[in-house]
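>
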Amino acid sequence: MDVDLSSQDLEFQQEVRDFLATNAHDPKTDYGQWRMNWFELAKAKGGWDVPKWPVAFGGPGWTPTQHYIWEKETAVAQTPWDLPFGLSMLAPVLMNYGNEEQQQRFLPDIRARKVNWCQGYSEPNAGSDLANLKTKAQLSEDGSYYTVNGTKIWTTLAHIADWIFCLTRTSDTGKKQEGITFLLIPMKQAGIEVKPIITLGGSHSVNMVHFTDVKVPVENRVGEEGKGWGYAKGLLAHERTGLAGISKSLVALDFLRLQASEVKRGNGTLLDDPAYKAKLAELEIDLLATEFTELRSLASAANGAEPGPESSILKLKGTEIQQRIQKLTVEAGGIYSAAWGKKNVGHSFAKAGMSGYLSSRAYTIYGGASEVQKDVVAKNVLGLKKAK
Amino acid sequence: MNFDLSEEQQLLKDSVDRFVGDNYDLETRQALSKNDAGFSDTYWQTMAELGWLGVTVPEAFGGFGGNQADTMVLMEAFGKGLVLEPFFASAVLGTRAIVAGGSPELQSQLLPKLVAGQCRLSLAYAEEQARFDLEDVVTRAASSNGDFIINGHKSMVQHGGSADYLVVSTRTSGGQQDQQGITLFVVDCNSEGITIDSFPTVDGQQASEITFTDVRVSSADMLGELDNGFELLQDIAIDGILALAAEAVGAMEVLYKDTVAYTQERQQFDQSLSDFQVLQHRMVDMFMEYEQCKSMLYRATLEVVQQGREAMRTVHALKYMVGKNGTFIGENAVQLHGGMGVTEELRIGHYFKRLLVIDAQFGNADHHLSCFAG
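Chains as they are written, first to last, in this note's numbering: chain A, -2 to 385; chain B, 152 to 525.
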């Protein structure tokens, strides 16, 4: 039993650090240009712009341990932001279930970060019970196109997206998981209406998307009609690791301490407050344990084993930890966390702290609410029957 | 990176699991705990024959030469069986004291006998006023013609009544709460001036209140250096916490698995209790807290093996988590067993009681949280 990296992994870690030290610093000017350059450099390095893509599609073909190292180092180095929708959600579906023409048509633009995608899964009556979705796709008589009608909700960044990948219903007979079809639809067309939903943090990132008689050519269907549910589930399997965000939380905890040290209290700072100190300590301990739970899960993946029971708790624990960090930021802000709107009063972090906290409440809701995750653990790990 | 047991560790684990499976049904265990000694001398000899008592003793003295990770394997398996024999007091705490602090003469006198099961040790460190602070020592050892005379009182000495020798922390200089000025001695339990008052503890084990009145020890019985015994005591406590945590993780595993099995069997409202989502989620929480403890146990053990005392902060984190999660799992196991959970008849209550005692040994969750927070 050991947690040492092998000599090859240590070499890789050094290579990543060197690469990040040279290339991953924010120039503070023209962020957009720098961001695009960063992806170019990472691509030239050998597919480092698409770390999770397989070699056949231009990825680096890393081992689970190499992915872990990359995630940890890039969290510390604070590399440019990236969106998961095209890159890590749609791309694996296209690679596994799309035809060659679709792969050639969509993957290069996803990789170049040129085309923005959004995900059309949830509906007003299909949240945790996703298979209940009703957005209808009717195949034309000549079989050349579908006509789509219905409503998607919680669609992140639909207002800037060029395309949406959608689960639609093509059949009402049989089990509700059957009769679901995976379609790719351009967003900028008549019949698609995007309505903003403003969330508690005051920001606009999610939307309601209405489809009215939207015509989608049949070549935009991924795989077979009625098999979309399986493709979407296969995609979830791709996202087993990384959901917990442990590396980012370790960095965020350091940042939180720094912020709390700026808050004066008596002759000292907030870090001297016994109640606050205890909460920070509890948070750090849970993070230390979860980091090792992730390593245990990683070690079994690295040995080629199926993820063990420990991996099932990572999303649950990881998102809860992210929320607690946000909560302690709000607590550190004290009354200044109440300031809203454009003005920043008091501690520099206070305003962003509150909106960050409010946004973080969604972490335990999206991607499978915590309660749904617990149902999954009860069934798959504890071997219990599905509860009513 | 690898969390698998080594081949030797796997053999060790298999042999303890077999021992527990063959010998430790609840009825046998409860009968044994009512013995005078509170355990089975036959089992103790079996442990010696199987080489377990020398797991951390250097090979030169007939031991296995292992480290804290090997002890972890044993203790986790003992935890699953609620084993009563004083392995923890003697083979973990006492042995570490002799291996780390004994003179070569003392080591060659005691270690082979410990490995062979011919003598037992315990650690007498706690005092009532000290609560959980190792450095708070009133028991005094006064120098007298090259010997030392010990006077004072040690409390809650685990299995003190069946020990042949005690490792005793004493104050040889400095103030009551100073880390400097603490010295450890090995004391023969048959020495004149020792009174040992033994009694059962709630977990089916035994402890003793021990009074020292003008007990004479020679300087050859000193462990480590005069006045500099605190770090040695801390090292013993670190090994103790790791071993208790491993035992606790074993007990937690039994508790959550027994609860899952029981709620599947028990029918109410024309269905299994386990069909209720509120109970499923509670059991998922129990399972998660068990896994998190296991992760922290691995983390702390590996860090201590590599860095020793430098890993103290992680050891605090571990003991906090074991106390908190152990209580959570124990209380919920009882709750989900309903009325049966509060009877002596089922084994879960006994695991729960052991976890409660483990929380209090070497500092409870609150104590270690505040140490961790600094």
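Don't be surprised by glycine CBs; every beta carbon is placed ideally from N, CA and C.
Just so it is clear, the structure is predicted and the values come from calculations on it, not from any experiment.
Less than 8 Å between CB atoms is the rule here; does Ala468 (chain B) satisfy it with respect to chain A?
Taking the first residue of the second sequence as 1, we reach residue 468 (chain B) at position 317. Cβ-Cβ to chain A under 8 Å: yes for Ala468 (chain B).
> For Ile310 (chain A), report the span of its beta strand (DSSP E) as first-last.
Residue 310 (chain A) sits at position 313 when you count from the first residue of the first sequence. Element bounds for Ile310 (chain A): n/a, residue is neither H nor E.
> Would the beta-carbon of Ile362 (chain A) fall within 8 Å of that of Glu288 (chain A)?
By 1-based counting over the first sequence, the position of residue 362 (chain A) is 365. By 1-based counting over the first sequence, the position of residue 288 (chain A) is 291. The answer is no: Cβ separation not under 8 Å.
> Could you check if Lys245 (chain A) is buried or exposed, using at least 16 other CB atoms within 10 Å of its CB as the buried criterion?
Here residue 245 (chain A) is taken as the residue at index 248 of the first sequence, counted from 1. Burial call: buried.
> Count the C-beta pairs between the region 387 to 403 of chain B and the region 355 to 373 of chain A that are closer than 8 Å, then say yes if the count reaches three, no if not.
Contact fails: fewer than three Cβ-Cβ distances are below 8 Å.
> Taking the alpha-carbon of Ser359 (chain B) as reference, which of B:Gly492, B:Leu317, B:Arg367 and B:Gly252 has the nearest alpha-carbon?
As a position in the second sequence, residue 359 (chain B) is number 208, starting the count at 1. Of the candidates B:Gly492, B:Leu317, B:Arg367 and B:Gly252, the one whose C-alpha sits nearest the C-alpha of Ser359 (chain B) is B:Leu317.
> Can you tell me where the alpha helix (DSSP H) with Glu259 (chain A) in it begins and where it stops?
Reading the first sequence from its first residue, position 262 is the one you call residue 259 (chain A). Note, Glu259 (chain A): premise wrong, no alpha helix (DSSP H); not H, not E.
> Taking only beta-carbon positions, decide if Leu2 (chain A) is within less than 8 Å of chain B.
Numbered from its first residue, the first sequence carries residue 2 (chain A) at position 5. Yes, Leu2 (chain A) lies at the interface with chain B (some Cβ there is under 8 Å from its Cβ).
> Looking only at its own chain, which residues have a Cβ that is under 6 Å from the Cβ of Gly343 (chain A), when we skip the five neighbours before and after it?
Locating residue 343 (chain A) in the first sequence gives position 346, where the first residue counts as 1. Once the five neighbours on either side are set aside, the close Cβ partners of Gly343 (chain A) are Tyr333.
> May I have the straight-line CA-CA distance separating Trp195 (chain B) from Val234 (chain B), to the nearest angstrom?
Within the second sequence, the letter at position 44 stands for residue 195 (chain B). Within the second sequence, the letter at position 83 stands for residue 234 (chain B). Distance between the alpha carbons of Trp195 (chain B) and Val234 (chain B): 11 Å.
> Counting only Cβ pairs nearer than 7 Å, list the residues of chain A close to Phe523 (chain B).
In the second sequence, the residue the question calls residue 523 (chain B) occupies position 372. The contacting residues are Ala278 and Ile282.
> Can you tell which of B:Gly252, B:Asp155 and B:Met226 has the C-alpha that lies nearest to the C-alpha of Ile387 (chain B)?
In the second sequence, the residue the question calls residue 387 (chain B) occupies position 236. Answer by Cα proximity: B:Gly252.
> With C-beta atoms as the reference, is Val206 (chain A) less than 8 Å away from Phe179 (chain A)?
Within the first sequence, numbered from 1, the residue matching residue 206 (chain A) stands at position 209. Within the first sequence, numbered from 1, the residue matching residue 179 (chain A) stands at position 182. The answer is no: Cβ separation not under 8 Å.
> Answer yes or no: the CB of Arg358 (chain A) versus the heavy atoms of the ligand MG, is any distance below 7 Å?
Only the bare structure without any ligand can be found here, which leaves the ligand MG out of the picture.
> Buried or exposed for Leu162 (chain B), going by 16 or more other Cβ atoms inside 10 Å?
Locating residue 162 (chain B) in the second sequence gives position 11, counting from the first residue. Exposed: under 16 other Cβ atoms inside 10 Å.
> Taking CB distances under 8 Å as the criterion, tell me whether Thr62 (chain A) reaches chain B.
Walking along the first sequence from the start, residue 62 (chain A) turns up at place 65. It does: the Cβ of Thr62 (chain A) has a partner Cβ on chain B nearer than 8 Å.
> Please look up how many angstroms separate the CB atoms of Pro309 (chain B) and Gly189 (chain B), rounded, as I've assumed it's under 8 Å.
Indexing the second sequence from 1 puts residue 309 (chain B) at position 158. Indexing the second sequence from 1 puts residue 189 (chain B) at position 38. Here residue 309 (chain B) is Gln; the residue named in the question, Pro, does not match the sequence. Contact doesn't hold; Cβ gap of about 10 Å is too wide.
> In three-state DSSP terms, what is Cys163 (chain A)?
Mapped onto the first sequence, residue 163 (chain A) falls at position 166. DSSP places Cys163 (chain A) in strand when its eight states are reduced to three.
> Can you name the residues that DSSP bridges to Phe179 (chain A)?
Position 182 of the first sequence holds residue 179 (chain A). Phe179 (chain A) pairs with A:Leu164 and A:Val219.
> Could you check whether Val112 (chain A) and Trp160 (chain A) sit closer than 8 Å to each other, using their CB atoms as the reference points?
Counting from one through the first sequence, the residue named residue 160 (chain A) turns up at place 163. Counting from one through the first sequence, the residue named residue 112 (chain A) turns up at place 115. Yes, the pair counts as a contact, with Cβ atoms nearer than the cut-off.
> Can you tell me the Cα-Cα spacing of His304 (chain B) and Gly311 (chain B), whole angstroms?
Residue numbering aside, residue 304 (chain B) sits at position 153 when the second sequence is read from its first letter. Residue numbering aside, residue 311 (chain B) sits at position 160 when the second sequence is read from its first letter. Their Cα atoms are separated by approximately 13 Å.
> Strictly under 8 Å for the Cβ-Cβ distance: is Arg32 (chain A) near chain B by that measure?
The count along the first sequence starts at 1 and reaches residue 32 (chain A) at position 35. Chain B, which has no Cβ nearer than 8 Å to the Cβ of Arg32 (chain A), makes this no.
> Taking 8 Å as the CB-CB cut-off, is Arg237 (chain A) touching chain B?
Residue numbering aside, residue 237 (chain A) sits at position 240 when the first sequence is read from its first letter. Note that Arg237 (chain A) scores a pLDDT of 48, beneath 50, so its modelled location is shaky and nothing firm can be said.
> With Val319 (chain B) and Ala277 (chain B) assumed to form a contact (beta carbons below 8 Å), what rounded beta-carbon distance in angstroms separates them?
Residue numbering aside, residue 319 (chain B) sits at position 168 when the second sequence is read from its first letter. Residue numbering aside, residue 277 (chain B) sits at position 126 when the second sequence is read from its first letter. That belief does not hold up - the Cβ atoms of Val319 (chain B) and Ala277 (chain B) are roughly 11 Å apart, past 8 Å.
> Quick check on Arg110 (chain A): does DSSP put it in helix, strand or coil?
Numbered from 1 along the first sequence, position 113 holds the residue referred to as residue 110 (chain A). DSSP places Arg110 (chain A) in coil when its eight states are reduced to three.
> Out of B:Asp390, B:Phe427 and B:Met226, which one is the CA nearest neighbour of Gly245 (chain B)?
As a position in the second sequence, residue 245 (chain B) is number 94, starting the count at 1. Nearest C-alpha to Gly245 (chain B): B:Asp390.
> Out of curiosity, what's the CA-to-CA distance linking Met223 (chain B) and Gly213 (chain B)?
Here residue 223 (chain B) refers to the residue found at position 72 of the second sequence. Here residue 213 (chain B) refers to the residue found at position 62 of the second sequence. Straight-line Cα distance between these residues: approximately 20 Å.
> Just to confirm my understanding: we take Gly514 (chain B), look at its own chain, exclude 5 residues before and 5 after, and list those with CB closer than 7 Å. What are they?
Along the second sequence, one-based indexing puts residue 514 (chain B) at 363. Once the five neighbours on either side are set aside, the close Cβ partners of Gly514 (chain B) are Phe283 and Lys470.
> Give every residue of the same chain whose Cβ lies closer than 7 Å to the Cβ of Pro304 (chain A), excluding the five residues on either side of it in the sequence, and list them in chain order.
In the first sequence, the residue the question calls residue 304 (chain A) occupies position 307. So the qualifying residues of the chain are Arg237, Ser294, Ser297 and Ala298.
> Within 10 Å of its beta-carbon, does Gln186 (chain A) have 16 or more other beta-carbons around it, so buried, or fewer, so exposed?
The residue labelled residue 186 (chain A) in the question sits at position 189 within the first sequence. Exposed is the call here.
> Within 10 angstroms of the Cβ of Asp436 (chain B), are there 16 or more other Cβ atoms? Answer buried if so, exposed if not.
In the second sequence, the residue the question calls residue 436 (chain B) occupies position 285. Per the 10 Å Cβ criterion, buried.
> In angstroms, rounded to a whole number, what distance separates the CA positions of Leu261 (chain B) and Asp283 (chain A)?
Within the second sequence, numbered from 1, the residue matching residue 261 (chain B) stands at position 110. Within the first sequence, numbered from 1, the residue matching residue 283 (chain A) stands at position 286. The alpha-carbon atoms of Leu261 (chain B) and Asp283 (chain A) are separated by roughly 41 Å.
> Let's see if you can read the secondary structure: which residues bound the beta strand (DSSP E) around His201 (chain A)?
As a working mapping, residue 201 (chain A) is identified with position 204 in the first sequence. Counting along the chain, the beta strand (DSSP E) containing His201 (chain A) begins and ends at His201 to Pro214.
> DSSP three-state label for Arg417 (chain B), please.
On the second sequence, residue 417 (chain B) is found 266 positions in, with the first residue counted as 1. DSSP places Arg417 (chain B) in coil when its eight states are reduced to three.
> Decide if His201 (chain A) is buried, meaning its Cβ has at least 16 other Cβ atoms within 10 Å, or exposed.
On the first sequence, residue 201 (chain A) is found 204 positions in, with the first residue counted as 1. His201 (chain A) is exposed by the Cβ-count criterion.
> Counting only the same chain and skipping the five closest in sequence on each side, list residues whose C-beta sits under 7 Å from that of Glu8 (chain A).
By 1-based counting over the first sequence, the position of residue 8 (chain A) is 11. Correct list: empty, nothing qualifies.
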